[in-house]
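Just below is one structure, and these are the notes that go with it.
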Amino acid sequence: MTQEQAETVANALLGAALAGAAYFILRDPRLRRTVFSAGRTAIAAAGPWLMVQARQAWAESGASAGASTPADGRTTPEERI
């Protein structure tokens with residue numbers, strides 16, 4: 021078995037396991053509520069961290085707050101080439 025075949029089989033198995041877990045969770049109302057609640061909590065908890073990362077990346081890129089064009093002043097994709 022080649023590396024590519026092994027990865028394909030592993031991806032298929034993971035996909036089947038994910039589909040089975042999703043079916044099982046969506047079928048049971050108590051599990052469904054628990055999973056959706058945990059998802060909301062994860063999204064809410066990640067929000068502030070994502071904002072900090074976005075601000076830091078913006079600052080490190082050297083872009084100004086009102087920048088609407090690239091730093092080199094070009095405005096069309098053809099001019100950027």
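As numbered in the working numbering, residues 21 to 101 make up the sequence shown, in order.
We put the CB at the ideal spot given by N, CA and C, even for glycine.
Tell me, to the nearest whole angstrom, how far the beta carbon of R52 is from that of I45; I am working on the premise that it is less than 8 Å. By 1-based counting over the sequence shown, the position of residue 52 is 32. By 1-based counting over the sequence shown, the position of residue 45 is 25. That belief holds up - the Cβ atoms of R52 and I45 are roughly 6 Å apart, short of 8 Å.
Straight-line gap, G150 to L34 (C-alpha atoms, nearest Å): Residue 150 lies beyond the stretch modelled for the chain, which goes from 21 to 101, so this question has no answer here.
Grab the span of the alpha helix (DSSP H) containing G82 for me, first residue to last. The residue given as residue 82 occupies position 62 in the sequence shown. No alpha helix (DSSP H) holds G82; DSSP gives it neither H nor E.
Three-state secondary structure (DSSP) of T61: Here residue 61 refers to the residue found at position 41 of the sequence shown. Note: T61 maps to helix in three-state DSSP.
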